[in-house]
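Protein chains in written order, with UniProt numbering: chain L, 1 to 179; chain F, 1 to 179. We treat Cβ as the ideally placed atom computed from N, Cα and C, and that holds for glycine. What follows is a set of notes on a single structure, which appears directly below.
Here is the structure:
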């Protein structure tokens, strides 16, 4: 029996973590939810991480995804910003791991290639294609669109996701199912 | 009634997270435990973060600290290393926050000043002073010693910790108790 796969896509940033949830049923991609988790600027580390972790816990509780895809961040030129980005990303993945979700990683290049068809696409093109692919009536905010784009990338790179999820002994490696 | 305060000190690194647990009873510092959490090199992010989170959960489960102190990391020259460090640190703080532990941050300078008395101390001096202050019979591994040093810094910078923990309406700000 084919079971729907619900993917939680995350685009972690130092201040805003975009998220998007997509269902995959019979090669169809269905929009479930999307949005942004915003931390309070100048809040202390534990406070900022608390916001990320608590919101992700709530999102997982409400939507119950069974897979997670996270965008691999670009390394920023500014070391302090890179550290902040790393901390936000580490906290987000920790929240996913603690909820027992398998986590797949995709680079920004892979996301653009999967969603737009070329690696050098502008942010607006990603937003546009997310709207098209999911048949949305409005355009989601940029970070939310990135979250949805990562979820779609995971779905597109694993075409047979919905067909294979029912099988046993699936081997998972490097972001791809290997039957 | 004066209750003992149990501090979990952490020194997060991209590969090794040092931890040290110290009890504070009547201005006395008593060694409880220390060690290292080592991630598997070249493991994927979710795997490395899983190791950090699971081990910290176990440490918190076994030793039940009521406060946590984390060393503020130096920003590395290498952006990729800085990102990895940030991710490890974010995951560690996420694990502490999810267990409801209050988290205090101290810079490496503050740790050295508190434990050795000067900000420019060598790693060996920190190890030496940790051994002296806790009356240890052996010298802990460098990262474990750093974990103990952060815990001791939190204790030393809040001298009245043990005396005040029983009071209500304590205001906590910037790593210090403000009665």
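Under 9 Å by beta carbon: chain F residues contacting residue 105 of chain L
44, 45 and 46
- List the residues of chain F whose Cβ lies closer than 7 Å to the Cβ of residue 95 of chain L, in chain order. 94
Q) Rounded to a whole number of angstroms, what is the C-alpha to C-alpha distance between residue 84 of chain L and residue 53 of chain F? A) Those two C-alpha atoms are separated by around 19 Å.
- prompt: Mind checking whether residue 18 of chain L and residue 147 of chain L have CB atoms under 8 Å apart?
  reply: yes
- Near-chain L residues of the segment 126 to 141 of chain F - C-beta to any C-beta below 7 Å: none
(request) Please name the residue or residues paired with residue 10 of chain L in a DSSP beta bridge. (result) Beta-bridge pairing links residue 10 of chain L to L:19 and L:70.
- Message: Does the contact criterion of 3 or more C-beta pairs under 8 Å hold for the segment 88 to 102 of chain L versus the segment 60 to 71 of chain L?
- Response: yes
Original post:
Roughly how many whole angstroms lie between the Cα atoms of residue 141 of chain L and residue 132 of chain F?
Top reply: Each residue's alpha carbon lies about 56 Å from the other.
(message) Looking only at its chain, what residues have a beta carbon closer than 7 Å to the beta carbon of residue 15 of chain F, apart from the 5 residues adjacent to it on each side?
(response) 38, 39 and 41.
Does DSSP put residue 25 of chain L in a helix, in a strand, or in coil? strand
message: For residue 153 of chain L, which residues in the same chain have their Cβ closer than 8 Å to its Cβ, ignoring the five residues on either side in sequence?
response: 9, 69, 106, 110, 111, 114 and 115
*asked:* Rounded to the nearest angstrom, what separates residue 139 of chain L and residue 151 of chain L at their Cα positions?
replied: 16 Å
Chain L residues whose Cβ lies nearer than 8 Å to that of residue 108 of chain F: Near residue 108 of chain F there are no residues of chain L at all, since even the closest Cβ is about 14 Å away, more than 8 Å.
Can you confirm whether residue 67 of chain F, when its beta carbon is compared against all beta carbons of chain L, has any partner nearer than 8 Å? no
- prompt: Can you find a CB in chain L that lies within less than 8 Å of the CB of residue 172 of chain F?
  reply: Summary for residue 172 of chain F: the model assigns pLDDT 36, below 50, so the residue's position carries little reliability, and this model does not support an answer.
Quiz item: What three-state label does DSSP hand residue 5 of chain L in the structure shown?
Solution: strand
task = Kindly say whether residue 177 of chain F, judged by its beta-carbon, lies nearer than 8 Å to any beta-carbon of chain L.
result = Note that residue 177 of chain F scores a pLDDT of 33, beneath 50, so its modelled location is shaky and nothing firm can be said.
Closer than 8 Å to chain F by CB, residue 27 of chain L: no
Note to self: Once the 5 residues before and after residue 81 of chain L are set aside, which same chain residues still bring their CB inside 8 Å of it?
What the structure shows: 14
Residue-level contact to chain L via CB, residue 80 of chain F, 8 Å cutoff:
yes
| Delimiting residues of the beta strand (DSSP E) encompassing residue 107 of chain L | Counting along the chain, the unbroken beta strand (DSSP E) around residue 107 of chain L starts and ends at 103 to 107.
Worksheet item: Expressed to the nearest angstrom, what Euclidean distance is found between the alpha-carbon atoms of residue 177 of chain F and residue 47 of chain L?
Response: With a pLDDT of 33 at residue 177 of chain F, under the threshold of 50, the modelled position of this residue cannot be trusted; read the value that follows with caution. Near 17 Å, if we compare the C-alpha coordinates of residue 47 of chain L and residue 177 of chain F.
**Q.** Residue environment, residue 34 of chain F, which counts as buried when at least 16 other CB atoms sit within 10 Å
**A.** buried
Does the beta carbon of residue 89 of chain L come closer than 8 Å to any beta carbon on chain F?
Yes, its Cβ sits closer than 8 Å to a Cβ of chain F.
Problem - Three-state secondary structure (DSSP) of residue 142 of chain L - result: helix
*Straight-line CA distance for residue 136 of chain L to residue 94 of chain L?*
One C-alpha to the other measures close to 31 Å.
- Task: Tell me where the alpha helix (DSSP H) around residue 79 of chain F begins and ends.
- Result: 79 to 98
**Cβ-based burial, residue 97 of chain F [other Cβ within 10 Å; buried from 16]** = By the 10 Å Cβ count, residue 97 of chain F comes out buried.
State yes or no: is the beta carbon of residue 75 of chain F nearer than 8 Å to at least one beta carbon in chain L?
yes
- Message: Let's see if you can read the secondary structure: which residues bound the alpha helix (DSSP H) around residue 124 of chain F?
- Response: 123 to 134 is the span of the alpha helix (DSSP H), which, as asked, contains residue 124 of chain F.
| What do you get for residue 43 of chain L, buried or exposed, if any count of 16 or more other CB atoms within 10 angstroms of its CB means buried? | So residue 43 of chain L counts as exposed.
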